[in-house]
Each structure stands twice: as C-alpha cells, then as structure tokens.
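Q:
Residue numbers (UniProt numbering): 1 to 255.
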C-alpha cells in the first residue's frame with residue numbers, strides 16, 4: 001500500500017487490495033487477480049521467446065541442424081548403452097531412452113541452460129535464473145517418457161509449455177533414432193578421436209588432477225572393477241586386471 005492521501009481520504013493500492021486476513025474469500029479473489037495478471041504476462045513473454053526456445057531445442061536434438069558434425073563420442077556412447085541393453089536382455093525402449101537422456105541431455109545440457117555463466121562471461125540475475133529454470137524444466141519434461149497429467153492447480157511453469165512438450169518429445173525420439181542409424185564408430189577411430197582432442201586441448205586441463213580423480217574412484221570400487229575386468233574376455237586378452245593392480249600398487253607405495 002502506498003501512503004494514503006490524508007486530504008482526499010483515498011488510498012492507493014498496488015495491483016490489488018491488501019485484504020484483511022480474516023476475509024478469506026476476498027483474499028482468494030485478490031490472489032486470483034494477481035495470478036491472472038501474471039499469467040497474461042507469462043504468455044506474452046513466452047510468445048516473444050518461443051522461437052529462441054524452439055531453435056535451442058532443435059539444435060540440441062538434431063544431427064542435421066547443428067552447424068557441425070555430431071561428436072563421435074555421442075554416437076559411441078549411445079551405441080555402448082544399446083549394447084549393454086542387448087547384453088542384459090533389456091528390451092524396454094523406455095529404459096534405453098532414459099539411459100541416453102540421463103547421460104547427455106539431463107546431465108550436460110540442463111546444466112548449461114540453467115547456468116549460462118559457465119559458458120559465457122555474463123551475470124545471471126535472479127529474474128533470468130527464474131526464466132531459465134522454466135526452460136530447463138521444459139527441457140527435462142521433453143526427455144521424459146512418462147505422461148504428465150496437468151490440471152488447473154498445476155504450476156504455471158508446467159502449464160506454460162504443456163502444448164509444446166509433445167512436439168519436443170518427438171524431436172528427442174527422432175534424435176536418438178537418427179543416431180542409432182548412423183554408422184558405428186570403431187574402437188580405433190574412437191581412440192584416434194580422443195588422442196586428437198587431447199592434443200588440441202593439451203594446455204587447457206590438468207591431466208594429473210584428472211588422473212588423481214580417476215584413481216580415487218578406482219580405489220573406492222577396486223574389488224568390483226577388478227572382478228569385472230576378470231570376467232570380460234577382451235580385458236583378459238589385454239591383461240587389464242594385472243595392469244590395473246600394478247598401477248594401484250605403485251600409487252599406494254608412492255602416496
């Protein structure tokens with residue numbers, strides 16, 4: 001409430017009256033007025049940003065409109081997940097879809113969408129953060145295989161893109177299907193790709209720090225990893241178990 005005009009006796013209010021807490025019915029009506037005002041603003045803002053959100057989702061979930069070739073690592077990783085599903089006789093398409101969503105869109109892209117300051121030298125205000133959270137939630141819903149039942153009491157950020165999500169979901173499904181149709185990446189090509197990436201970014205990362213993180217993970221799950229290497233035929237041919245044991249022993253003695 002703005003300070004009342006003592007001469008005229010009128011009071012100025014911001015958007016709605018500051019209702020007495022005892023008058024619950026009148027208070028509900030005021031809240032509804034605010035919600036309707038905000039919803040109109042939300043819809044107008046969504047209309048302004050719609051093309052940018054569409055372009056973002058289309059770029060992420062496309063192998064043809066990226067402006068550059070799909071990284072080999074994505075194809076290699078998705079094929080690995082499909083191989084593991086076949087190996088363990090998992091034929092539920094939703095499981096494969098969820099694995100792929102969890103390892104790339106939901107782990108990487110959602111983080112970038114919600115935190116643009118990780119990529120760009122910008123300041124993220126609280127208002128920008130709230131807006132990006134809506135986009136990120138829509139992105140997550142688009143990757144989900146479950147149907148979201150919405151009603152009049154559902155959050156406005158869920159209702160805002162409710163009609164768009166089925167279309168976005170079809171983009172995600174098409175993206176995974178297009179990658180599955182691409183030629184397989186051989187282990188040799190993948191190794192060459194990783195070696196080239198390491199060479200290009202040689203001075204940008206601390207390799208010893210990365211190795212230490214890997215070592216910390218290995219020591220935590222040492223028994224499970226050694227047992228898995230012993231069971232795997234290719235790992236036995238390359239004697240990976242004994243090599244890993246040697247590395248662990250050397251690190252233990254030097255540490």
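Here a beta-carbon is modelled for each residue, glycine too, at the ideal position from N, C-alpha and C.
Where do the ends of the alpha helix (DSSP H) carrying residue 212 lie?
A: 207–220
Q: Which two residues bound the contiguous alpha helix (DSSP H) that contains residue 193?
A: 187–200
Q: With a threshold of 8 Å on Cβ separation, who are the neighbours of residue 82 within its own chain once the five nearest residues in sequence on each side are excluded?
A: The answer, listed in chain order, is 96 and 180.
Q: Kindly list the residues whose CB is nearer than 8 Å to the CB of residue 42, restricted to its own chain and excluding five residues on each side of it in sequence; keep chain order.
A: 156 and 160
Q: Does residue 104 come out as helix, strand or coil in the three-state DSSP assignment?
A: coil
Q: Could you tell me which uninterrupted alpha helix (DSSP H) segments, each at least 4 residues in length, are contained entirely in the stretch 108–195, listed from first to last along the chain?
A: 110–114, 126–143, 156–160 and 165–181
Q: Does the stretch 98–117 come close enough to the stretch 204–216 that 3 or more CB-CB pairs lie under 8 Å?
A: no
Q: Can you give me the C-alpha to C-alpha distance between residue 194 and residue 77, rounded to a whole angstrom?
A: When rounded, the distance between both Cα atoms is 13 Å.
Q: Roughly how many angstroms separate the alpha carbons of residue 22 and residue 40, rounded to a whole number?
A: Confidence is the limiting factor: at residue 22 the pLDDT is only 46, short of 50, which leaves the residue's position unreliable and the question unanswerable from this model.
Q: For the candidate residues 46, 158, 142 and 177, whose alpha-carbon lies nearest to that of residue 106?
A: 142
Q: Should residue 251 and residue 75 be called a contact, given that it needs their Cβ atoms to be closer than 9 Å?
A: No.
Q: Do the CB positions of residue 72 and residue 190 come within less than 9 Å of each other?
A: yes
Q: Check this for me: beta carbons of residue 79 and residue 177, under 9 Å apart or not?
A: no
Q: Measuring straight from C-alpha to C-alpha, what distance separates residue 253 and residue 186?
A: 37 Å
Q: Exposed or buried, residue 247, counting other C-beta atoms within 10 Å across all chains shown (16 or more means buried)?
A: exposed
Q: Taking Cβ positions, are residue 53 and residue 172 nearer each other than 9 Å?
A: no
Q: Look at the alpha carbon of residue 169 and the alpha carbon of residue 125, and state the distance between them as a whole number of angstroms.
A: For residue 169 and residue 125, the distance between alpha carbons rounds to 29 Å.
Q: For a quick check, are the C-beta atoms of residue 241 and residue 230 less than 9 Å apart?
A: yes
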